[in-house]
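S.K.: Numbering (the numbering used here), first residue to last: 817 to 1290.
Here it is, the structure in full.
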């Protein structure tokens, strides 16, 4: 049977002209880029587990993953891709329809049917019930079917493309999920860091207010000038203005975080700065793991889109070849309603095989092939760029984490030294070997170092969040 079908397809090519069955050449893409990746995976989920241990953060993440409108929209795109996959998966199956039809024809006297029906009614070989009425009704009740045989794999390639795009839509949703998790986590720890900065600034304001009061007393006693009072007062006012700037940053980040969770602005419950400071990201060894890099959602999605584009090209090539469709039917057929279900006399069946080959629409098919081919090259270059982007993002994030960890260690030592300097300045002041300005300067320096330490710690968290995002949430 299969051999006979191919023979019929060959006959169709001969009848319609050999050029009608000519197809395009196979798609050939450039070589893929070779990425220098590490053979040993130095990263795992354990590297990021501490980031998500905060109970307040976990609650925010749950809310964002359930209520984020972009993520809900992505879920609908996945559902649409699944529906397309279902259609493509069943495209090779025959369509079977229950058919109930009724009609009437009035044949002209000088037509084949008109003359034939008149002559038939005069025949002595038919009964009264078999005489054809005029006008002639037509009744049918049964099943009609249509089946396109996938000779050249066109439907198979379409299914392959739909399946790849369904998987790609899932990867797109996973990519968005990773971005949301990273976004919520990054903003959360940014808020915690700002809370810490605000606490340090308020403490600094109290010290500066005490310094202003002290220098005023010294001025009244003739031990300080008006210039010293003005300088201390200006410094205190500047620090107060800095407090409101930090408060505005906190309000803006809280609003941004609420938007990620799909809700209107409200207060964000979070850990205290002291609790968050006790949790530091673990040390990360340098080296880009190959498995994690190639499993990034954007890289995987680009690879699936490339596979779908290749399948589109193959389907477009197959469109140049003949197609075979079979249309069978079976049911009850009669020209009188009361005779419709007279079995077996009214039972009718038939089957029609139809082989068609493109002849005058080759330009449209060529245009579709060129469009699919361009899409395949675009998908290939997007895949290459996704690998390059992934490599540089992971490399940058790893460098950031490593450098911030080194800077944090040094800043910690700096704060310890300056705290000892404050103690030394107080001792010297009590024994008359240092003036009050030296004490204030030492206190100012340690507070500035503490602010810098908070900034460095924030950089460590942001580096870990960037690394989490660049690895696709792994």
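We put the beta carbon where it would ideally sit given N, CA and C, even for glycine.
Fair warning: this is a prediction, and the values are worked out from it, not measured in the lab.
1) Sort 1277, 1022 and 1186 by Cα distance to residue 1220 and report the nearest one.
2) Compare the Cα-Cα distances from residue 1124 to each of 1138, 972 and 945 and report the closest residue.
3) What residues match up with residue 1166 in a beta bridge as DSSP calls it?
4) With the cut-off set at 9 Å, would you say residue 1066 and residue 1014 are in Cβ contact?
5) What residue from 964, 1254 and 1162 has the CA that sits closest to residue 912's CA?
6) Taking residue 1159 as part of the beta strand (DSSP E), name the residues at either end of that continuous run.
7) Quickly, what does DSSP pair residue 1021 with across the bridge? List them, please.
8) Which class does residue 977 belong to by DSSP, given the choice of helix, strand or coil?
9) On the premise that residue 1147 lies in contact with residue 1293, defined as a C-beta separation below 8 Å, what is that separation, rounded to the nearest angstrom?
10) Taking Cβ positions, are residue 1241 and residue 1254 nearer each other than 9 Å?
11) Determine the direct distance from the alpha carbon of residue 884 to that of residue 1079, and round the result to whole angstroms.
12) Within the segment 909–966, note down every full alpha helix (DSSP H) run reaching 4 residues or more, in order along the chain.
13) If you measure between the beta carbons of residue 1149 and residue 1140, is that distance less than 9 Å?
14) Whole angstroms is fine: what's the gap from residue 947's alpha carbon to residue 1167's?
15) Helix, strand or coil: how does DSSP classify residue 1120 here?
16) With respect to the alpha helix (DSSP H) encompassing residue 1066, which residues constitute its N-terminal and C-terminal limits?
17) Going by DSSP, what residue range makes up the alpha helix (DSSP H) through residue 1087?
18) At the level of alpha carbons, what is the spacing between residue 891 and residue 1119?
19) Would residue 1151 be called buried (16 or more neighbouring beta carbons within 10 Å of its own) or exposed?
20) Can you tell me which of 1271, 1281 and 1233 puts its alpha carbon nearest to the alpha carbon of residue 1261?
21) Just reading off the alpha helix (DSSP H) that residue 1152 is part of, what are its end residues?
22) Is any heavy atom of the ligand MG found at a distance shorter than 8 Å from the C-beta of residue 1023?
23) Sorted by chain position, which residues of the same chain lie with C-beta nearer than 6 Å to residue 1129's C-beta, five sequence neighbours on each side aside?
24) Which class does residue 1140 belong to by DSSP, given the choice of helix, strand or coil?
25) Please state the DSSP three-state secondary structure of residue 1192.
26) Sorted by chain position, which residues of the same chain lie with C-beta nearer than 6 Å to residue 1028's C-beta, five sequence neighbours on each side aside?
27) Between the alpha carbons of residue 1200 and residue 1283, how many angstroms are there, rounded?
28) In or out: residue 1174 buried (at least 16 other Cβ within 10 Å) or exposed?
29) Tell whether a beta-carbon distance below 9 Å holds between residue 1184 and residue 1132.
30) Counting C-beta neighbours from all protein chains within 10 Å, is the total for residue 1256 16 or more, i.e. buried, or is it exposed?
31) Let's see if you can read the secondary structure: which residues bound the alpha helix (DSSP H) around residue 883?
32) Give me the Cα-Cα distance between residue 1285 and residue 1259, rounded to the nearest whole angstrom.
33) Can you tell me whether residue 1081 is helix, strand or coil according to DSSP?
34) If you compare alpha carbons, which of 976, 921, 986 and 1239 is closest to residue 949?
35) Taking a contact to mean a Cβ-Cβ separation below 9 Å, would you say residue 1270 touches residue 1005 in this structure?
M.R.: In brief:
1) The shortest C-alpha separation from residue 1220 is found at 1277.
2) For the set 1138, 972 and 945, the Cα lying nearest the Cα of residue 1124 is the one of 972.
3) In the DSSP secondary-structure assignment, residue 1166 is bridged to 1145.
4) Yes.
5) That would be 964, whose Cα lies nearest to the Cα of residue 912.
6) The continuous stretches of beta strand (DSSP E) do not include residue 1159, and DSSP gives it neither H nor E.
7) In the DSSP secondary-structure assignment, residue 1021 is not bridged to any residue.
8) Taken through DSSP and simplified to helix, strand or coil, residue 977 comes out as helix.
9) Past the boundaries of the shown model lies residue 1293; the chain is included only from 817 to 1290, so the question cannot be answered.
10) The answer is yes: Cβ separation under 9 Å.
11) Between residue 1079 and residue 884, the alpha-carbon positions lie close to 9 Å from each other.
12) Complete alpha helix (DSSP H) runs here, min 4: 928–937.
13) Against a cut-off of 9 Å, the Cβ pair of residue 1140 and residue 1149 comes out as no contact.
14) Taking the straight line from one Cα to the other gives about 26 Å.
15) Helix, per DSSP.
16) That run of the alpha helix (DSSP H) goes 1042–1076.
17) It is not in any alpha helix (DSSP H) - residue 1087 carries neither H nor E in the DSSP assignment.
18) For the pair residue 891 and residue 1119, the Cα-to-Cα distance works out to about 20 Å.
19) Residue 1151 should be labelled buried.
20) Among 1271, 1281 and 1233, the Cα nearest to that of residue 1261 is on 1233.
21) Following the DSSP letters along the chain, one finds residue 1152 in no alpha helix (DSSP H), marked with neither H nor E.
22) As far as ligands go, the structure on display features none, and thus does not contain the ligand MG.
23) Same-chain partners within the cutoff: 843, 1188, 1189 and 1192.
24) Residue 1140 carries a strand assignment under DSSP once its states are collapsed to helix, strand and coil.
25) Here residue 1192 sits in helix by DSSP.
26) Within the same chain, residue 1028 has close Cβ partners 1048, 1049 and 1052.
27) Answer to the nearest angstrom: the Cα atoms are 20 Å apart.
28) Taking every protein chain shown into account, the CB of residue 1174 has 16 or more other CB atoms within 10 angstroms, so this residue is buried.
29) Yes, they are a contact pair.
30) So residue 1256 counts as buried.
31) Looking at the DSSP string, the run of the alpha helix (DSSP H) that includes residue 883 is 871–883.
32) Each residue's alpha carbon lies about 39 Å from the other.
33) Here DSSP, grouped into helix, strand and coil, assigns residue 1081 to coil.
34) Closest by alpha carbon: 921.
35) Remark: C-beta atoms of residue 1270 and residue 1005 do not approach each other more closely than 9 Å.
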